[in-house]
Amino acid sequence: MFTISNIRERARQTLNETPGIYQVAIIPVTISVIVQLISFSRNSLAGVSAEELASPSYFISTSLFPIFYGLLLGMLSLSVIWTIFNIIKGGKTTTSFKDSLSIFNHKDFWKIFRTYILKSFLLFLWGILFYLGIGLLIGAGTMITIIAASSQTLDPNALPMEILAILGLMAMGGILLMLLGLALYIPQIYAYSQVEYILFEQLEREEYTSAFSIIRSSRKLMKGYKFKRFTLDLSFIGWFLLVIITFGLAGLYVWPYHYAAQMHFHEEILDDQAKKMSYV
């Protein structure tokens, strides 16, 4: 039966029946924990001078590192997905630590990499309004910090009214863009959510054509299933909060569990569509 509870039950069964499954998440979780601990221990903005905030080197270090970090975690996550794909679809019965890097040894790595980059780029374009909203909010906050540091006062009421009005408009505009951006962005995240599974299926059958074709297939496959996929993620909200509280350590269990549930969701979509076709 195509229910969220059934999908999660099957995901737990997959984990319980696969020795070593949690080892595939060790590297991404370790990197995530280290980065979060470093970020947590960093000096707050109040401890950074106005000159440092305005310097190009500070901007580059705070902008490029998250991109590199996100790319690395994305590729490591693909290793987890690929391993779980092989367990559920390919009959793989055991896993080990080396599977956490399996995507880098895949014979079609560059096809996988191109598809991942294209998907990420297109999702970035869909989310650009959301990111602009975030940027406006961060910009307003940074300007307040710089001005306060320069004037050696933390009282916003001491700032000129014209500046406060501009910063207020920036903040309001940022919030509006964020909300509008989310309305556009979230449906596309779920429309693209089957890309990895379709990609691995095509590579296994040697039917790979192009990254664009896979993305179109994912959008087509997810028609009518986006909300159900959203409810699957929503059912994991408690687990996601646990990951945050534990600085990522709970990810050793949560990420394999979540990815296994996503894989079973993909299988359920295919079965559901096959049943519908049989009735036609």
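Each residue of the sequence shown is one higher than the last, beginning at 725 in this note's numbering.
Every residue gets a Cβ at the ideal spot worked out from N, C-alpha and C, and that includes glycine.
On a predicted model such as this, the values are computed, not experimentally measured, just so you know.
Pick from the options that is closest to residue i, judged by C-alpha positions
i	options	result
Ala749	Gly798, Glu886 and Tyr855	Gly798
Thr738	Ser756, Tyr983, Leu908 and Gly975	Tyr983
Arg940	Thr839, Met894 and Glu886	Thr839
Ala864	Gln760, Leu888 and Ile938	Leu888
Leu860	Thr955, Ile890, Val978 and Lys843	Ile890
Ile858	Ala895, His830, Asn829 and Met867	Ala895
Thr807	Glu992, Met987, Leu966 and Leu856	Met987
Ala985	Met1001, Ile922, Ser959 and Ile899	Ser959
Leu761	Phe792, Lys1000, Ile922 and Thr970	Thr970
Leu847	Leu908, Ile805 and Ile961	Leu908
Ile1029	Ile910, Leu923 and Ile862	Residue numbering for the chain in the displayed model covers 725 to 1004; residue 1029 lies beyond these limits and cannot be assessed.
Gly851	Leu904, Ile862 and Lys831	Leu904
Distance cut-off 7 Å: residue i Cβ against heavy atoms of the ligand SAH
i	result
Gly897	Ligands in the displayed structure: none, and consequently the ligand SAH is not present.
Under 8 Å between C-beta atoms of residue i and residue j
i	j	result
Leu901	Leu853	yes
Val753	Gly897	no
Ser801	Gln747	no
Ser756	Gly972	yes
Ser803	Ile827	yes
Val728	Leu956	First, the residue type needs correcting, since residue 728 is Ile and not Val in the sequence shown. Yes, the pair counts as a contact, with Cβ atoms nearer than the cut-off.
Ile751	Phe989	no
Glu992	Phe726	yes
Distance, residue j Cα to residue i Cα
i	j	result
Glu925	Tyr981	21 Å
Leu795	Glu920	15 Å
Leu994	Lys952	14 Å
Glu733	Phe789	38 Å
Ser942	Glu886	49 Å
Ser937	Phe845	15 Å
Trp979	Thr866	34 Å
Phe954	Asn829	32 Å
Asp996	Lys816	25 Å
Tyr932	Leu893	49 Å
Ala770	Tyr855	For Ala770, the pLDDT reaches just 47, beneath the cut-off of 50, and the residue's location in the model is therefore unreliable, although a value from the coordinates is still provided. About 24 Å.
Ile899	Ile758	31 Å
Lys843	Thr818	30 Å
Thr869	Ser934	47 Å
Leu966	Ser1002	42 Å
I'd like to know if the region 939-949 and the region 904-916 are in contact, where contact means that at least 3 CB-CB pairs between them fall below 8 Å. yes
Below 8 Å, how does it come out for the region 927-936 and the region 828-847: are there three or more Cβ pairs, yes or no? yes
With three or more beta-carbon pairs closer than 8 Å as the criterion, would you say the region 799-811 touches the region 739-749? yes
At 4 residues or longer, and completely inside the region 862-941: list those alpha helix (DSSP H) runs for me, N to C. 885-915 and 919-929
Inside the region 810-850 only - alpha helix (DSSP H) runs reaching at least 4 residues: 833-850
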